[in-house]
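To get the working numbering, take the position in the sequence shown, counting from 1, and add 965. From the three backbone atoms N, C-alpha and C, an ideal C-beta is built for every residue, glycine too. Report on one structure; see the data block that follows.
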Amino acid sequence: MEYVSVLAGGKFTDHPRCTHPALATLARLVNDWIDDDDTRNGLALLAPDLIDTGRDDLRTTQCVVVSCLQSAAADKPLPPAVERRLTRTRQRIGNVDHTGGWARFRLGCSQLLNPPSVAVSSAFQVAVEQLRGLPRPERNAQLSKLLRDAVADCRQTVEVHPVGPSGARAG
């Protein structure tokens, strides 16, 4: 994240203002869990994509959570409670996309009580648990893919379905 802050022209920090807190949390977690220097160094290629990642878009946290839970479901079935969480999180994104104001207000209140770092850390732990038992190289590759997919999903959500500050669709 320090590289992202410098690349964006900001002050050297691991909490750059140009990156949504949910994506920054996931990037730090993935970086900490990868135990291979080559794989970790490859994460630097994502730095430009972490700049301007929908910092004010409430859906970004939900997108990161969905990415973590989808990654967790890739090889093993999710426990029923986690499957319900994945379904509810997808619905929240859809509600903001299609109904706007009220859904946006409810999601904002929810995120005040459950900040992005908490929501993402919880979902990431589910993904890590599902990777338990995999050989190191495969686990590292899956974690790297998780971050790449999360960045791509968040960028697509923000760019394809922009939502203005009032909750109305932009454009």
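Reference Arg1120, options Gln1090, Asp1001, Leu1015, Ser1082, closest by Cα: Numbered from its first residue, the sequence shown carries residue 1120 at position 155. Among Gln1090, Asp1001, Leu1015, Ser1082, the Cα nearest to that of Arg1120 belongs to Leu1015.
Where Leu1096 sits in the DSSP three-state scheme: For this step, residue 1096 is matched to residue 131 along the sequence shown. Helix at Leu1096.
Neighbourhood of Gln1076 by C-beta, 7 angstroms cutoff - its chain only, sequence neighbours within 5 removed: Walking along the sequence shown from the start, residue 1076 turns up at place 111. Cβ within range, chain order: Leu1023, Thr1026.
C-beta atoms of Asp1118 and Ser1032 nearer than 8 angstroms: Within the sequence shown, the letter at position 153 stands for residue 1118. Within the sequence shown, the letter at position 67 stands for residue 1032. Going by C-beta atoms, Asp1118 is nearer than 8 angstroms to Ser1032.
Leu1108 versus Ala1009: straight-line alpha-carbon distance, rounded: Locating residue 1108 in the sequence shown gives position 143, where the first residue counts as 1. Locating residue 1009 in the sequence shown gives position 44, where the first residue counts as 1. Their Cα atoms are separated by approximately 14 angstroms.
Straight-line Cα distance separating Val1029 from Ser1082: Taking the sequence shown and counting its residues from 1, one reaches residue 1082 at position 117. Taking the sequence shown and counting its residues from 1, one reaches residue 1029 at position 64. Rounded to the nearest angstrom, the two C-alpha atoms are 10 angstroms apart.
8 angstroms CB neighbourhood of Val1116 in its chain, flanking five on each side removed: By 1-based counting over the sequence shown, the position of residue 1116 is 151. Same-chain partners within the cutoff: Leu988, Leu1011, Asp1014, Leu1015, Thr1018.
Ala1212 and Thr1004 closer than 8 angstroms at C-beta: Missing from the structure shown is residue 1212; the chain here goes from 966 to 1136 and no further.
Where Arg1050 falls, given that 16 or more other Cβ within 10 Å makes a residue buried: Against the sequence shown, residue 1050 aligns to sequence position 85. Flag for Arg1050 reads buried.
Which listed residue (Glu1094, Arg1097, Val1085, Val1123) has its alpha carbon closest to that of Leu1112: Here residue 1112 refers to the residue found at position 147 of the sequence shown. Ranking Glu1094, Arg1097, Val1085, Val1123 by Cα distance to Leu1112 puts Val1085 first.
Pro981 vs Val995 beta-carbon contact at 8 angstroms: Taking the sequence shown and counting its residues from 1, one reaches residue 981 at position 16. Taking the sequence shown and counting its residues from 1, one reaches residue 995 at position 30. Not a contact, by the Cβ cut-off of 8 angstroms.
Cβ-Cβ distance between Val1061 and Arg1069 below 8 angstroms: Reading the sequence shown from its first residue, position 96 is the one you call residue 1061. Reading the sequence shown from its first residue, position 104 is the one you call residue 1069. It is a contact, given that the beta carbons lie within the stated cut-off.
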